[in-house]
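Each residue of the sequence shown is one higher than the last, beginning at 1 in my numbering.
For glycine and all other residues, C-beta sits at the position ideal for the given N, C-alpha and C.
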Amino acid sequence: MPSCRRPRAFRCAGSRYAPARGGTAELFAPPPGAWQADIADPDLQYADDERQRRIAGWQSLPGLGELAPLLACDPQLFAPLETLIRQLSTDDTFGPQVALLTARTNGSPTCFDAWLPHWQGEEEFASHLREGDQALHHWLQQHPQARSLVTAVQLLTRSPDRFSAAQLTPLAEYRLSEQHAIDLLIWSGLCGWMNRLKIALGNVRQQT
């Protein structure tokens, strides 16, 4: 039985990605487009029961279903990552909100739309975020308590080298404990990785 091989594009996906500034509002306008991979998994037809189980596990995570065959290739590498994503994504304190913020900041509409049904907060937050920074700024004027979280996530996503302890302290205003604040930063980084993976390995085909 052929072994599972990670395609070359998958191993060097980061080299194809240039940090986005959120993309245009049209890119995020509904209806959502369908994401299609630029690479194929030649070994998928030979997947055994164990790999099929791993594929099903990845498919249950928002935004990663289409990448499940690739992420299921190397269990030693990706199983701990799957556990961490599951643990942090279910945190109702910040999970869906951070995922939406990083997807919009990085310009990944399919990740944005995948996480939208999981957002249980104000609908206006998601609609303003979808429109872009100017609309989000208007929403923050009415919800100043959320500014520290939004600012921290956007800065960490756009300019991680500029992120410092100065952004951690204000997160207490968002009712986050020190541990929750650290978890938020880890989750923000993971969401950014998922966004960049989708951008690097495929394209969005807009529905007509």
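Residue environment, residue i, which counts as buried when at least 16 other CB atoms sit within 10 Å
i: R54; result: buried
i: Q87; result: exposed
i: L201; result: buried
i: G121; result: exposed
i: P117; result: exposed
Extent of the continuous beta strand (DSSP E) run through residue i
i: A37; result: 34-37
i: G202; result: 202-205
Beta-carbon proximity list for residue i, same chain, < 7 angstroms, skipping 5 on both sides
i: L27; result: G107, P109
Close beta carbons around residue i, own chain, < 6 angstroms, minus the five adjacent residues each side
i: L176; result: none
i: P170; result: S148
i: L136; result: H128, L129
Coarse secondary structure for residue i, derived from DSSP in three states
i: S148; result: helix
i: F163; result: coil
i: G63; result: coil
i: C111; result: helix
i: R196; result: helix
i: T169; result: helix
i: G57; result: helix
Bounding residues of the alpha helix (DSSP H) (the contiguous stretch that carries residue i)
i: L101; result: 95-106
i: R175; result: Counting along the chain, R175 falls outside any alpha helix (DSSP H), and DSSP gives it neither H nor E.
i: T83; result: 75-89
i: W119; result: Here W119 belongs to no alpha helix (DSSP H), and DSSP marks it neither H nor E.
i: L27; result: It is not in any alpha helix (DSSP H) - L27 carries neither H nor E in the DSSP assignment.
Cβ neighbours of residue i in the same chain (closer than 8 angstroms, five flanking residues each side left out)
i: Q145; result: E173, Y174
Okay, do the segment 76-95 and the segment 181-197 touch, 3+ Cβ pairs below 8 angstroms being the bar? yes
Report yes or no: do the segment 59-76 and the segment 110-119 share at least 3 C-beta pairs separated by less than 8 angstroms? yes
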